[in-house]
Each structure stands twice: as structure tokens, then as C-alpha cells.
Amino acid sequence: MILANPKERTRFIRFAIVGVIGAVVDFGIFNLLLAITSIQAVWASAISFVAAVLSNFFWNRHWTYPDARKKSFAQQLFQFAIVSFLGLVIRIGLFALLENFLIDLSARFISPEFLSPQFIGHNTTLAFAILVVMLWNFFANRFWTYNEVQ
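Taken in order, the sequence shown gives residues 1 to 150; the numbers are from the working numbering.
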């Protein structure tokens, strides 16, 4: 297994830390857009995803994979963007599939005085989508975007 290698495990941990930074960017922009605009949650999710992808590319290129320099910046950004776009397709699909279900589920179990069912449902959906897409992004980028790394 790839994560049995100590160097790969370190890369995965760094990738996950970068992912946490990206998730902060993602959740922050997502909730900010919902609070100050009338944009639908699925589109706020798409916009926040793009901001997180740009943050993640910068940090992964310079910290997770500093030894991946055989490809040009432009080529790596292009490949990272393709992987991320496919991740966005996965994410939007999951969001569209789960959003209403999780809002309804939240309405049954969470008191609206504490947090609104929409807030819980939206953020639970986003958290699940981020986890699924993180796995996709790690393996797709490791074996395509940064494939020259030993």
C-alpha cells in the first residue's frame, strides 16, 4: 500500500494539513456567501471550492511536493485544475444528492433554537463531500499531477 512508505505517509499528512487549510477557506467563503448574498448553496459551494483549490495548489506545490519540478508550473496547475474540476463534479453531485435529505434529517433531530436545520444540513453535506473529494484529489494528483516524484 502506498501509505506504508514513510515518505508517502508524510506527503499524505502534509496533503491532509493543506486540505484542512483548504477546508477553512472553503467553509469560510461558503458560509460568508450564504450570509451576505442570495446565492443558492450549491453555487456558493462551487465558488468556495475554486478558492480552496487555488489555496491547495499553492501549498501542495510548495510544501507537499517541493521535489515535483520536472513539469512546468503551468502544466501542473492545468493538471491540478482538471483533477479538481472532476472533484467539483463529484462534489456537486454529492451536494445535490444529499443536501435536502440532510436538511430534513437535521430538522428532525436538531432544535432550531440551537442551529438551523439548513445550517447543519448544508455544512454536513459539505463536510462529507470534502472528505470524498479529498481522497479523489490525493490519489489522482499523486499519480498524475505529481507522478515524477519517487
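The beta-carbon is built from N, C-alpha and C at its ideal position, and this holds for glycine as well.
For clarity, every value in this text was computed on a predicted model and none was experimentally measured.
For PHE114, the three-state DSSP class (helix, strand or coil)
For the purposes of this step, residue 114 is taken as the residue at position 114 of the sequence shown. Coil at PHE114, not helix or strand.
What is the residue span of the alpha helix (DSSP H) that PRO6 lies within?
Here residue 6 refers to the residue found at position 6 when the sequence shown is read from its first residue. Note, PRO6: alpha helix (DSSP H), 6 to 36.
Classify GLY28: buried if its beta carbon has 16 or more other beta carbons within 10 angstroms, exposed otherwise.
For the purposes of this step, residue 28 is taken as the residue at position 28 of the sequence shown. Answer is exposed; the Cβ neighbour count stays below 16.
Assuming THR125 and PHE78 make a contact with CB atoms under 8 Å, what is their CB distance in whole Å?
Within the sequence shown, numbered from 1, the residue matching residue 125 stands at position 125. Within the sequence shown, numbered from 1, the residue matching residue 78 stands at position 78. Actually they do not touch by this definition, with Cβ atoms about 29 Å apart.
Less than 8 Å between the beta carbons of ILE120 and SER106, yes or no?
On the sequence shown, position 120 is the one that residue 120 refers to. On the sequence shown, position 106 is the one that residue 106 refers to. Yes; because the gap between Cβ atoms is below 8 Å, this pair is in contact.
Distance between MET134 and LEU102 (C-alpha atoms, nearest Å)
Taking the first residue of the sequence shown as position 1, residue 102 is located at position 102. Taking the first residue of the sequence shown as position 1, residue 134 is located at position 134. Roughly 21 Å between the two C-alpha positions.
I need the boundaries of the alpha helix (DSSP H) containing GLN171, first residue and last residue.
Lying outside 1 to 150, the shown extent of the chain, residue 171 is not represented and no answer is given.
Under 8 Å between the Cβ atoms of VAL132 and THR64?
By one-based count along the sequence shown, residue 132 stands at place 132. By one-based count along the sequence shown, residue 64 stands at place 64. No, they are not a contact pair.
With distances taken between CB atoms, is the gap from ASN137 to SER84 smaller than 8 Å?
Looking up residue 137 in the sequence shown gives position 137. Looking up residue 84 in the sequence shown gives position 84. Going by C-beta atoms, ASN137 is nearer than 8 Å to SER84.
Can you name, in chain order, every residue of its own chain whose Cβ lies under 8 Å from the Cβ of ILE21, other than the five neighbours on each side?
Position 21 of the sequence shown, counted from the first residue, corresponds to residue 21. For ILE21, where only same-chain residues beyond five positions count, the Cβ hits under 8 Å are SER55, ASN56 and TRP59.
Contact check, PHE80 vs ASN141, beta carbons under 8 Å:
Residue 80 sits at position 80 when you count from the first residue of the sequence shown. Residue 141 sits at position 141 when you count from the first residue of the sequence shown. Yes, they are a contact pair.
Quick check: what's the CA-CA separation for ASP104 versus TRP43?
Numbered from its first residue, the sequence shown carries residue 104 at position 104. Numbered from its first residue, the sequence shown carries residue 43 at position 43. Distance between the alpha carbons of ASP104 and TRP43 is about 20 Å.
Between LEU25 and the rest of its own chain, which residues show a CB-CB distance below 8 Å, the 5 nearest in sequence each way excluded?
The residue given as residue 25 occupies position 25 in the sequence shown. Correcting the residue type first, residue 25 is Val in the shown sequence and not Leu. So the list reads SER48, ALA51, ALA52 and SER55, once near-sequence residues are dropped.
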